[in-house]
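In my numbering, the protein residues as written are 141 to 433.
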Amino acid sequence: MASSCEEKLFEQTDQLASKGDHMRRAGKAHLGLVWVSRGARVVLACRDMAKGEQAASEIMREMNGAKVVVRQLDLADTKSICLFAENIYNTEKTLDYLINNAGVAICPYARTVDGYEMQFGVNHLGHFFLTFLLLDLLKHSAPSRVINVSSTVHAMGKIQFDDLNGDKDYHPVRAYAQSKLANVLFTRELAKRTEAQGVMAFSVDPGIVNTEITRHIRRPLVDIAKIFSFLIRTPAEGASTTIYCIVTPENEMFTGGFYKNCARVDSCRAGEDDGTALKLWAVSCHLLGIRWR
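Below, the structure is given as C-alpha coordinates:
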(Lines of atoms letter the chains of each structure in order from A; the text may use other names.)
(Lines give C-alpha, C1' and ligand atoms only; values in the text may rest on other atoms or scores of the structure.)
Protein backbone atom coordinates (compact mmCIF):
# COMPACT_ATOMS: atom_id res chain seq x y z
CA MET A 141 0.00 0.00 0.00
CA ALA A 142 2.79 2.40 0.89
CA SER A 143 4.49 2.08 -2.49
CA SER A 144 1.18 2.49 -4.32
CA CYS A 145 0.49 5.63 -2.31
CA GLU A 146 3.98 6.97 -3.04
CA GLU A 147 3.47 6.38 -6.76
CA LYS A 148 0.20 8.33 -6.69
CA LEU A 149 1.84 11.19 -4.83
CA PHE A 150 4.71 11.27 -7.31
CA GLU A 151 2.17 11.71 -10.09
CA GLN A 152 0.26 14.46 -8.32
CA THR A 153 2.72 16.67 -6.42
CA ASP A 154 3.51 18.93 -9.38
CA GLN A 155 -0.08 20.19 -9.08
CA LEU A 156 1.14 22.30 -6.15
CA ALA A 157 3.57 24.36 -8.18
CA SER A 158 0.99 26.53 -9.89
CA LYS A 159 -0.34 28.02 -6.65
CA GLY A 160 3.06 29.28 -5.48
CA ASP A 161 3.14 31.87 -2.74
CA HIS A 162 -0.62 32.00 -2.38
CA MET A 163 -0.76 28.72 -0.49
CA ARG A 164 -1.33 28.83 3.26
CA ARG A 165 -1.20 25.80 5.52
CA ALA A 166 -1.94 24.80 9.09
CA GLY A 167 -0.01 21.61 9.75
CA LYS A 168 3.21 20.11 11.12
CA ALA A 169 6.79 19.70 9.97
CA HIS A 170 6.30 16.51 7.97
CA LEU A 171 3.56 18.17 5.92
CA GLY A 172 5.31 21.52 5.92
CA LEU A 173 8.38 20.18 4.12
CA VAL A 174 6.25 19.28 1.13
CA TRP A 175 4.62 22.70 0.93
CA VAL A 176 7.69 24.87 1.32
CA SER A 177 9.46 22.84 -1.35
CA ARG A 178 6.79 24.20 -3.72
CA GLY A 179 7.10 27.82 -2.60
CA ALA A 180 4.19 27.79 -0.18
CA ARG A 181 3.84 29.85 2.97
CA VAL A 182 3.18 27.51 5.89
CA VAL A 183 1.50 28.35 9.18
CA LEU A 184 2.28 25.84 11.93
CA ALA A 185 -0.47 25.98 14.55
CA CYS A 186 1.06 24.67 17.78
CA ARG A 187 0.07 24.34 21.41
CA ASP A 188 3.71 24.01 22.44
CA MET A 189 5.50 26.97 20.88
CA ALA A 190 8.97 25.59 21.68
CA LYS A 191 8.24 22.41 19.71
CA GLY A 192 6.66 24.47 16.97
CA GLU A 193 9.74 26.65 16.64
CA GLN A 194 11.89 23.52 16.56
CA ALA A 195 9.76 22.08 13.73
CA ALA A 196 9.99 25.36 11.83
CA SER A 197 13.77 25.41 12.26
CA GLU A 198 14.01 21.86 10.90
CA ILE A 199 11.99 22.85 7.85
CA MET A 200 14.11 25.93 7.22
CA ARG A 201 17.31 23.91 7.57
CA GLU A 202 16.02 21.47 4.98
CA MET A 203 14.71 24.16 2.64
CA ASN A 204 16.67 27.37 2.21
CA GLY A 205 14.35 30.36 1.99
CA ALA A 206 11.34 28.47 3.38
CA LYS A 207 8.42 30.65 4.43
CA VAL A 208 7.27 29.19 7.74
CA VAL A 209 5.59 30.90 10.68
CA VAL A 210 4.56 29.46 14.04
CA ARG A 211 1.36 30.51 15.79
CA GLN A 212 0.02 29.61 19.21
CA LEU A 213 -3.08 27.40 19.18
CA ASP A 214 -4.54 25.36 22.04
CA LEU A 215 -7.58 23.45 20.79
CA ALA A 216 -8.60 22.76 24.38
CA ASP A 217 -9.33 26.47 24.87
CA THR A 218 -11.85 28.35 22.72
CA LYS A 219 -10.24 31.68 23.63
CA SER A 220 -6.96 30.43 22.17
CA ILE A 221 -8.78 29.31 19.03
CA CYS A 222 -10.35 32.76 18.66
CA LEU A 223 -6.99 34.49 19.09
CA PHE A 224 -5.39 32.20 16.51
CA ALA A 225 -8.14 32.84 13.98
CA GLU A 226 -7.91 36.60 14.58
CA ASN A 227 -4.18 36.44 13.96
CA ILE A 228 -4.68 34.54 10.71
CA TYR A 229 -7.13 37.15 9.43
CA ASN A 230 -4.70 39.92 10.38
CA THR A 231 -1.66 38.35 8.71
CA GLU A 232 -2.82 36.10 5.86
CA LYS A 233 -4.57 37.19 2.68
CA THR A 234 -5.53 33.66 1.67
CA LEU A 235 -6.04 30.24 3.22
CA ASP A 236 -5.97 27.54 0.57
CA TYR A 237 -5.77 24.46 2.79
CA LEU A 238 -6.69 23.89 6.41
CA ILE A 239 -5.32 20.64 7.83
CA ASN A 240 -6.99 19.73 11.12
CA ASN A 241 -4.51 17.14 12.36
CA ALA A 242 -4.00 17.94 16.05
CA GLY A 243 -5.37 15.59 18.65
CA VAL A 244 -5.20 13.61 21.86
CA ALA A 245 -5.69 9.86 22.11
CA ILE A 246 -6.84 7.41 24.75
CA CYS A 247 -6.01 9.77 27.62
CA PRO A 248 -7.19 9.60 31.25
CA TYR A 249 -10.37 11.54 31.92
CA ALA A 250 -9.83 15.28 31.71
CA ARG A 251 -11.72 18.37 30.63
CA THR A 252 -10.84 21.23 28.34
CA VAL A 253 -10.67 24.80 29.61
CA ASP A 254 -14.32 25.17 28.58
CA GLY A 255 -15.42 22.00 30.38
CA TYR A 256 -15.69 19.49 27.54
CA GLU A 257 -14.32 15.95 27.76
CA MET A 258 -10.77 16.31 26.46
CA GLN A 259 -10.85 13.97 23.45
CA PHE A 260 -14.25 15.13 22.17
CA GLY A 261 -13.36 18.73 22.99
CA VAL A 262 -10.00 18.80 21.21
CA ASN A 263 -10.42 16.26 18.41
CA HIS A 264 -13.89 17.38 17.35
CA LEU A 265 -15.13 20.61 18.93
CA GLY A 266 -11.77 22.36 18.67
CA HIS A 267 -11.46 21.63 14.96
CA PHE A 268 -15.15 22.34 14.38
CA PHE A 269 -14.81 25.79 15.98
CA LEU A 270 -11.53 26.57 14.21
CA THR A 271 -13.03 25.71 10.83
CA PHE A 272 -16.10 27.82 11.61
CA LEU A 273 -13.92 30.84 12.37
CA LEU A 274 -11.71 30.43 9.29
CA LEU A 275 -14.43 29.55 6.81
CA ASP A 276 -14.85 33.06 5.40
CA LEU A 277 -11.16 33.13 4.49
CA LEU A 278 -11.40 29.65 2.99
CA LYS A 279 -14.34 30.79 0.86
CA HIS A 280 -12.48 33.93 -0.16
CA SER A 281 -9.53 31.74 -1.21
CA ALA A 282 -11.62 29.20 -3.14
CA PRO A 283 -10.98 26.73 -4.52
CA SER A 284 -9.80 25.60 -1.09
CA ARG A 285 -9.88 22.44 1.00
CA VAL A 286 -10.33 21.26 4.59
CA ILE A 287 -8.73 17.98 5.65
CA ASN A 288 -9.85 16.43 8.93
CA VAL A 289 -7.53 13.68 10.18
CA SER A 290 -9.62 10.82 11.57
CA SER A 291 -8.67 7.17 12.19
CA THR A 292 -9.64 3.59 11.44
CA VAL A 293 -10.83 3.56 15.05
CA HIS A 294 -13.83 5.67 13.98
CA ALA A 295 -15.50 2.39 13.03
CA MET A 296 -15.63 1.47 16.73
CA GLY A 297 -17.28 4.76 17.61
CA LYS A 298 -20.77 5.84 18.49
CA ILE A 299 -21.89 9.40 19.17
CA GLN A 300 -23.21 9.25 22.73
CA PHE A 301 -25.54 12.22 22.55
CA ASP A 302 -26.80 11.53 26.08
CA ASP A 303 -23.26 11.46 27.49
CA LEU A 304 -20.88 13.35 25.19
CA ASN A 305 -18.72 14.37 28.14
CA GLY A 306 -18.40 10.85 29.50
CA ASP A 307 -19.84 11.88 32.86
CA LYS A 308 -21.85 8.69 33.21
CA ASP A 309 -19.37 6.14 31.90
CA TYR A 310 -15.96 7.22 30.59
CA HIS A 311 -13.71 4.84 28.73
CA PRO A 312 -10.60 6.26 26.98
CA VAL A 313 -10.81 4.08 23.86
CA ARG A 314 -14.55 4.59 23.47
CA ALA A 315 -14.15 8.36 23.86
CA TYR A 316 -11.36 8.42 21.28
CA ALA A 317 -13.43 6.38 18.81
CA GLN A 318 -16.35 8.76 19.32
CA SER A 319 -14.16 11.77 18.54
CA LYS A 320 -12.78 10.15 15.38
CA LEU A 321 -16.28 9.24 14.19
CA ALA A 322 -17.22 12.86 14.83
CA ASN A 323 -14.41 13.91 12.45
CA VAL A 324 -15.93 11.81 9.67
CA LEU A 325 -19.47 13.04 10.28
CA PHE A 326 -18.35 16.68 10.53
CA THR A 327 -16.54 16.34 7.20
CA ARG A 328 -19.60 14.85 5.56
CA GLU A 329 -21.91 17.67 6.64
CA LEU A 330 -19.31 20.39 6.03
CA ALA A 331 -18.87 19.23 2.44
CA LYS A 332 -22.59 19.58 1.75
CA ARG A 333 -22.65 23.11 3.12
CA THR A 334 -19.53 24.45 1.41
CA GLU A 335 -19.30 22.73 -1.97
CA ALA A 336 -21.20 25.53 -3.71
CA GLN A 337 -18.70 28.06 -2.30
CA GLY A 338 -15.72 26.15 -3.69
CA VAL A 339 -14.56 24.61 -0.40
CA MET A 340 -14.01 20.85 -0.48
CA ALA A 341 -13.70 18.70 2.65
CA PHE A 342 -12.13 15.29 3.22
CA SER A 343 -11.55 13.03 6.21
CA VAL A 344 -8.40 10.94 6.30
CA ASP A 345 -7.20 7.76 7.97
CA PRO A 346 -3.41 8.16 8.29
CA GLY A 347 -2.89 4.63 9.59
CA ILE A 348 -1.10 3.80 12.84
CA VAL A 349 1.48 6.55 13.14
CA ASN A 350 4.35 6.76 15.60
CA THR A 351 3.77 10.24 17.06
CA GLU A 352 3.34 11.81 20.50
CA ILE A 353 -0.42 11.31 20.26
CA THR A 354 0.15 7.73 21.48
CA ARG A 355 1.81 8.80 24.74
CA HIS A 356 -1.24 7.93 26.88
CA ILE A 357 -1.62 4.36 25.58
CA ARG A 358 -1.24 1.88 28.42
CA ARG A 359 1.34 -0.89 28.61
CA PRO A 360 -0.79 -3.86 27.36
CA LEU A 361 -1.69 -1.99 24.18
CA VAL A 362 1.92 -0.88 23.73
CA ASP A 363 3.07 -4.51 23.94
CA ILE A 364 0.49 -5.53 21.34
CA ALA A 365 1.61 -2.66 19.10
CA LYS A 366 5.20 -3.91 19.27
CA ILE A 367 4.09 -7.29 17.92
CA PHE A 368 2.48 -5.54 14.96
CA SER A 369 5.22 -2.93 14.62
CA PHE A 370 5.49 -3.63 10.89
CA LEU A 371 2.12 -1.85 10.56
CA ILE A 372 3.28 1.31 12.31
CA ARG A 373 4.07 4.21 10.01
CA THR A 374 6.49 7.07 10.33
CA PRO A 375 4.97 10.57 10.54
CA ALA A 376 6.04 11.15 6.93
CA GLU A 377 4.24 7.98 5.79
CA GLY A 378 1.21 8.91 7.87
CA ALA A 379 1.02 12.28 6.12
CA SER A 380 0.87 10.76 2.62
CA THR A 381 -2.92 10.52 2.31
CA THR A 382 -3.36 14.05 3.64
CA ILE A 383 -0.94 15.25 0.97
CA TYR A 384 -2.84 13.23 -1.63
CA CYS A 385 -6.09 14.97 -0.66
CA ILE A 386 -4.44 18.33 -1.25
CA VAL A 387 -2.56 17.78 -4.50
CA THR A 388 -5.07 15.64 -6.41
CA PRO A 389 -7.15 17.58 -8.97
CA GLU A 390 -10.71 18.44 -7.95
CA ASN A 391 -12.31 16.30 -10.65
CA GLU A 392 -10.61 13.22 -9.19
CA MET A 393 -11.75 13.88 -5.62
CA PHE A 394 -15.09 13.39 -3.87
CA THR A 395 -15.88 16.13 -1.37
CA GLY A 396 -17.08 14.70 1.94
CA GLY A 397 -15.24 11.46 1.21
CA PHE A 398 -13.16 9.30 3.53
CA TYR A 399 -9.62 8.57 2.28
CA LYS A 400 -7.04 5.95 3.20
CA ASN A 401 -3.80 4.89 1.48
CA CYS A 402 -4.25 7.63 -1.11
CA ALA A 403 -7.65 6.40 -2.23
CA ARG A 404 -11.29 6.98 -1.39
CA VAL A 405 -12.73 4.16 0.71
CA ASP A 406 -15.98 3.53 2.54
CA SER A 407 -16.17 4.70 6.12
CA CYS A 408 -18.17 2.62 8.57
CA ARG A 409 -21.97 2.68 8.34
CA ALA A 410 -22.22 5.13 11.24
CA GLY A 411 -19.87 7.45 9.38
CA GLU A 412 -22.33 7.68 6.49
CA ASP A 413 -25.40 8.46 8.61
CA ASP A 414 -26.59 11.87 7.42
CA GLY A 415 -29.11 12.14 10.26
CA THR A 416 -26.43 11.68 12.89
CA ALA A 417 -24.12 14.09 11.06
CA LEU A 418 -26.80 16.79 11.06
CA LYS A 419 -27.62 16.22 14.74
CA LEU A 420 -23.93 16.34 15.69
CA TRP A 421 -23.61 19.61 13.77
CA ALA A 422 -26.53 21.15 15.67
CA VAL A 423 -25.31 19.89 19.05
CA SER A 424 -21.78 21.15 18.36
CA CYS A 425 -23.07 24.61 17.48
CA HIS A 426 -25.17 24.63 20.66
CA LEU A 427 -22.24 23.61 22.86
CA LEU A 428 -20.01 26.29 21.32
CA GLY A 429 -22.71 28.95 21.31
CA ILE A 430 -22.41 29.65 17.58
CA ARG A 431 -24.80 29.89 14.64
CA TRP A 432 -23.47 28.15 11.55
CA ARG A 433 -25.91 28.00 8.67
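Glycine included, C-beta positions come from ideal geometry on N, C-alpha and C.
Small disclaimer: the values here were computed from a predicted structure and weren't measured.
Each of 345, 317 and 327 was checked against the Cα of residue 290, and the nearest Cα belongs to 345. Beyond the five residues adjoining it in sequence on each side, residue 428 comes within less than 8 Å, by CB distance, of 218, 265, 268, 269 and 272 in the same chain, given in chain order. Put simply, the backbone Cα of residue 411 is about 18 Å away from that of residue 240.
Going by DSSP, residue 199 is part of the alpha helix (DSSP H) stretching over 189-202. Residue 238 carries a strand assignment under DSSP once its states are collapsed to helix, strand and coil.
Comparing alpha-carbon positions, the option among 201, 236, 300 and 416 lying closest to residue 327 turns out to be 416.
Taking 8 Å as the cut-off, the Cβ atoms of residue 220 and residue 259 do not count as close.
Secondary structure within the stretch 314-349: not one fully enclosed alpha helix (DSSP H) run of 4 or more consecutive residues is present. Residue 216 sits away from residue 183, with the two beta carbons spaced by 8 Å or more. Restricting attention to 225, 199 and 187, the CA atom closest to the CA of residue 180 is found in 199. Rounded to whole angstroms, the gap between the alpha carbons of residue 312 and residue 306 is 9 Å. Taking all protein chains shown into account, residue 236 has 16 or more neighbouring C-beta atoms within 10 Å of its C-beta and is therefore buried. The shortest C-alpha to C-alpha distance from residue 331 to any of 275, 228 and 191 is the one to 275. The beta-bridge partner set that DSSP reports for residue 210 consists of 184. Comparing alpha-carbon positions, the option among 325, 242 and 204 lying closest to residue 214 turns out to be 242. Among the bridge pairs identified by DSSP, residue 384 is matched with none.
Residue range 218-231 is occupied by the alpha helix (DSSP H) that includes residue 225. The beta carbon of residue 247 sits closer than 7 Å to those of 258, 259, 312 and 356, all from its chain and outside the five residues before and after it, given in chain order. Residue 194 and residue 186 have their C-alpha atoms some 11 Å from each other.
Less than 8 Å separates the beta-carbon of residue 385 from that of residue 342. The straight-line gap separating the alpha-carbon atoms of residue 203 and residue 409 is approximately 43 Å. Here residue 392 is not near residue 283, since their CB atoms are 8 Å or more apart. Across the structure, residue 279 and residue 233 are spaced so that their CA atoms are roughly 12 Å apart. In the DSSP secondary-structure assignment, residue 305 is not bridged to any residue.
For residue 272, the secondary structure class from DSSP, reduced to helix, strand or coil, is helix.
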